[in-house]
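Student: Structure in structure tokens, see below.
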Amino acid sequence: MQIRAKDISEGSGYLSRVFKCDIILKQEDPNSVEYSFLFSVILKQPGFESIDSGFQGFEELSQEKKDKTKKDMIEIIKKFHHNEVTFYKVFGSSELQIPKCYGSGDWIPEKQSGYIIMEYLSGGKFPELHIGLTENQVLNLLKFIVKFQAIAHKNENEWKNEFTEVNFGESSDPEFGKMCYGNLKRGQSEAFIQKIDKLNKFFTDHEVGEFVGGGSWKTLGISSMLIHGDMWTNNVCFKYDYANEKIMDEILAIIDWQVVHPGNPMTDISRVLLMCCNPIIRRKLETNIIDLYIEELKKELGDEKLPFTKEELEISKRYSDLENIMFSMFMPSIHFHGLKH
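Here the sequence shown stands for residues 0 to 340, where the numbers follow numbering that gives the first Met the number 0.
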């Protein structure tokens with residue numbers, strides 16, 4: 000038996016390393032003819048390397064700050080990995096479009112390597128962030144989000160108190176935020192820089208970060224739903240038409256369940272609209288997205304009463320938009336941190 004492993008997380012895995020592992024089995028038949036069987040799996044592993052590489056491009060950050068940030072991030076990543084391990088244990092046998100999980104283990108730094116071994120999604124492709132999603136892809140994601148929330152809602156006793164939420168705003172460091180803010184201002188567009196200047200408090204004011212990071216929504220008393228928490232193009236795999244070299248509208252699988260937690264029911268669909276759509280599609284869908292959400296949720300819950308009103312969802316959407324605007328600003332400063340312009 001041979002195993003070939005390739006790191007496929009370069010440029011897209013921020014909190015872990017992801018390896019495609021090809022397993023080759025060889026055997027001979029009675030006539031001494033050798034046969035080879037190959038199958039592939041994904042190995043996902045949290046660790047220090049992803050944290051260290053994340054500091055590239057932030058030379059102005061002091062070593063003391065880097066060490067503190069690294070220590071904080073290790074604790075966060077441990078929680079994230081445990082969340083994902085737990086998610087596959089609870090929902091692995093559901094009808095959701097998620098990868099099959101073949102095994103997992105928690106990460107104990109300096110004692111035990113964490114890991115998740117899962118299905119390799121050979122028949123799909125992840126869309127490019129700058130290209131965005133089609134209208135039908137967004138609508139299929141809405142249906143997935145609602146189905147997931149409904150399944151979780153009906154089976155709450157199986158996962159209640161199992162998932163840890165991390166509010167990045169609560170642990171935000173103003174100095175690190177200033178570094179991200181400075182990276183964004185490297186852009187060549189004066190109009191873009193002016194807009195960034197208007198929103199600088201998202202990066203530099205701890206109270207603002209905590210407010211928009213999701214904590215403020217909890218004070219409203221609106222019912223929460225279990226959410227993915229990181230629903231954007233890097234984590235959405237659609238089926239792929241290899242003959243015509245085209246990404247299809249049908250979802251193959253949703254990955255990266257490390258930040259799954261009970262939260263604002265509008266967070267995932269807000270992230271999709273704000274980060275993954277061009278302005279034309281986003282503005283078209285914004286007008287009736289809550290009505291579509293309610294319609295789909297009624298189908299999934301049947302005779303059960305909805306846990307919130309349309310007005311509460313509209314309020315929740317405004318709060319989730321704030322959180323996702325901050326995320327939309329933060330991600331480019333990390334994703335393109337190595338660029339000079």
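Where is the CB? At the ideal position from N, CA and C, for every residue including glycine.
Which whole-angstrom value is the C-beta distance of C179 and F202, which I expect to be below 8 Å?
Tutor: On the sequence shown, residue 179 is found 180 positions in, with the first residue counted as 1. On the sequence shown, residue 202 is found 203 positions in, with the first residue counted as 1. Indeed, because the Cβ distance is near 6 Å, the residues count as touching under 8 Å.
Student: Would you kindly work out how many angstroms separate the C-alpha atoms of G220 and V207, rounded to a whole number?
Tutor: Within the sequence shown, the letter at position 221 stands for residue 220. Within the sequence shown, the letter at position 208 stands for residue 207. When rounded, the distance between both Cα atoms is 20 Å.
Student: Can you tell me the Cα-Cα spacing of W216 and N287, whole angstroms?
Tutor: Taking the first residue of the sequence shown as 1, we reach residue 216 at position 217. Taking the first residue of the sequence shown as 1, we reach residue 287 at position 288. Rounded to whole angstroms, W216 to N287 spans 22 Å at the Cα level.
Student: Measuring CB to CB, does V271 end up less than 9 Å from P126?
Tutor: Along the sequence shown, read from residue 1 onward, the residue named residue 271 stands at position 272. Along the sequence shown, read from residue 1 onward, the residue named residue 126 stands at position 127. Cβ distance not < 9 Å, so V271 and P126 don't count as in contact.
Student: Can you list, in chain order, the stretches of the alpha helix (DSSP H) that have 4 or more residues and sit fully within the region 201-283?
Tutor: The region 201-283 contains these whole alpha helix (DSSP H) runs: 205-209, 266-275.
Student: What residue from E63, M330, A252, K298 has the CA that sits closest to G91's CA?
Tutor: Residue 91 sits at position 92 when you count from the first residue of the sequence shown. The residue with the shortest Cα to Cα distance from G91 is A252.
Student: Buried or exposed for E295, going by 16 or more other Cβ atoms inside 10 Å?
Tutor: As a position in the sequence shown, residue 295 is number 296, starting the count at 1. Under this definition E295 is a buried residue.
Student: Kindly confirm or deny that the region 223-239 and the region 191-198 touch, where touching means at least three C-beta pairs closer than 8 Å.
Tutor: The answer is no - the region 191-198 does not touch the region 223-239, with fewer than three Cβ pairs under 8 Å.
Student: Quick check on DSSP: helix, strand or coil for F38?
Tutor: Here the question's residue 38 lines up with position 39 in the sequence shown. Three-state DSSP puts F38 in a strand.
Student: Which residue from M325, R317, I293 puts its Cα closest to that of Q148?
Tutor: Counting from 1 along the sequence shown, the entry for residue 148 is found at position 149. Selected option, being the one with the closest Cα: I293.
Student: Just curious, the alpha helix (DSSP H) that K297 is in, first and last residue?
Tutor: Here residue 297 is taken as the residue at index 298 of the sequence shown, counted from 1. Where K297 is concerned, the enclosing alpha helix (DSSP H) stretches over 288-300.
Student: Would you say Q43 and Y119 are within 9 Å of each other, going by their C-beta atoms?
Tutor: In the sequence shown, counting from the first residue as 1, residue 43 sits at position 44. In the sequence shown, counting from the first residue as 1, residue 119 sits at position 120. Before going on, a small fix: residue 43 reads as Lys here, not Gln. Cβ atoms of K43 and Y119: not closer than 9 Å.
Student: Is H80 buried or exposed, if buried means 16 or more other CB atoms sit within 10 Å of its CB?
Tutor: What you label residue 80 is simply residue 81 of the sequence shown in a count that begins at 1. Buried, because 16 or more other Cβ atoms sit within 10 Å of the Cβ of H80.
Student: Ignore the nearest five residues each way along the sequence and tell me which others in K416's own chain have a CB closer than 8 Å to its CB.
Tutor: Here the chain comprises residues numbered 0 to 340, so residue 416 is not present and cannot be evaluated.
Student: Helix or strand or just coil, what does DSSP make of D105?
Tutor: Here residue 105 corresponds to residue number 106 of the sequence shown, with the count starting at 1. Residue state, collapsed to three classes: coil.
Student: Cutting at 7 Å between CB atoms, please list the residues of its own chain near I268, excluding the five before and the five after it.
Tutor: Within the sequence shown, the letter at position 269 stands for residue 268. Excluding sequence neighbours, I268 sits near L141, I144, I288, Y292.
Student: Using the C-alpha atoms, what's the distance from F162 back to E244?
Tutor: The sequence position of residue 244 within the sequence shown is 245, counting from 1. The sequence position of residue 162 within the sequence shown is 163, counting from 1. Taking the straight line from one Cα to the other gives about 38 Å.
Student: Shortest alpha-carbon distance to G46 belongs to which of V258, P108, S35?
Tutor: Walking along the sequence shown from the start, residue 46 turns up at place 47. Ranking the options by Cα distance to G46, first place goes to P108.
Student: For the beta strand (DSSP E) containing E157, list its first residue and its last residue.
Tutor: Counting from one through the sequence shown, the residue named residue 157 turns up at place 158. No beta strand (DSSP E) contains E157, which DSSP labels as neither H nor E.
Student: Would you check if the distance between the CB atom of K19 and the CB atom of F36 is smaller than 9 Å?
Tutor: Start at 1 with the first residue of the sequence shown, and residue 19 comes out as number 20. Start at 1 with the first residue of the sequence shown, and residue 36 comes out as number 37. Against a cut-off of 9 Å, the Cβ pair of F36 and K19 comes out as no contact.
Student: What are the boundary residues of the beta strand (DSSP E) that includes I192?
Tutor: Position 193 of the sequence shown, counting from 1, holds the residue named residue 192. Per DSSP, I192 belongs to no beta strand (DSSP E); it is in the alpha helix (DSSP H), 189-197.
Student: So is S61 buried or exposed if we call it buried at 16+ other beta carbons inside 10 Å?
Tutor: In the sequence shown, counting from the first residue as 1, residue 61 sits at position 62. Looking at its Cβ environment, which holds fewer than 16 other Cβ atoms inside 10 Å, S61 is exposed.
Student: Let me confirm a value: F191 is counted as buried when at least 16 other C-beta atoms fall within 10 Å, else exposed. Which label applies?
Tutor: Position 192 of the sequence shown holds residue 191. Result: exposed.
Student: Spatial neighbours of S327 within its chain, please: CB distance less than 7 Å, with the 5 preceding and 5 following residues excluded, ordered by chain position.
Tutor: Along the sequence shown, one-based indexing puts residue 327 at 328. Closer than 7 Å at Cβ, skipping near neighbours: L273, M274.
Student: Specify the secondary structure class of E322 as computed by DSSP and reduced to three states.
Tutor: For the purposes of this step, residue 322 is identified with residue 323 of the sequence shown, where counting begins at 1. Residue state, collapsed to three classes: helix.
Student: Taking K5 as part of the beta strand (DSSP E), name the residues at either end of that continuous run.
Tutor: Taking the sequence shown and counting its residues from 1, one reaches residue 5 at position 6. Element bounds for K5: 1-6.
Student: Once DSSP output is grouped into helix, strand and coil, what is the label at R16?
Tutor: Taking the first residue of the sequence shown as 1, we reach residue 16 at position 17. In the structure shown, R16 sits in a strand (DSSP, three-state: E or B).
Student: Taking the beta strand (DSSP E) that I116 falls in, what are its first and last residues?
Tutor: Translated into the one-based positions of the sequence shown, residue 116 becomes position 117. Per DSSP, I116 belongs to the beta strand (DSSP E) from 114-118.
Student: Using C-beta distances below 7 Å, list every residue in its chain close to I246, excluding the 5 sequence neighbours before and after it, in chain order.
Tutor: Indexing the sequence shown from 1 puts residue 246 at position 247. The answer, listed in chain order, is K124, P126, F237, Y239.
Student: So D347 and V84 are supposed to be a Cβ contact under 8 Å. How far apart are they, rounded?
Tutor: Residue 347 is absent from the model: the chain starts at 0 and stops at 340.
Student: Would R281 be called buried (16 or more neighbouring beta carbons within 10 Å of its own) or exposed?
Tutor: Reading the sequence shown from its first residue, position 282 is the one you call residue 281. It counts as buried.
Student: Using three-state DSSP, classify I150 as helix, strand or coil.
Tutor: Residue numbering aside, residue 150 sits at position 151 when the sequence shown is read from its first letter. Helix at I150.
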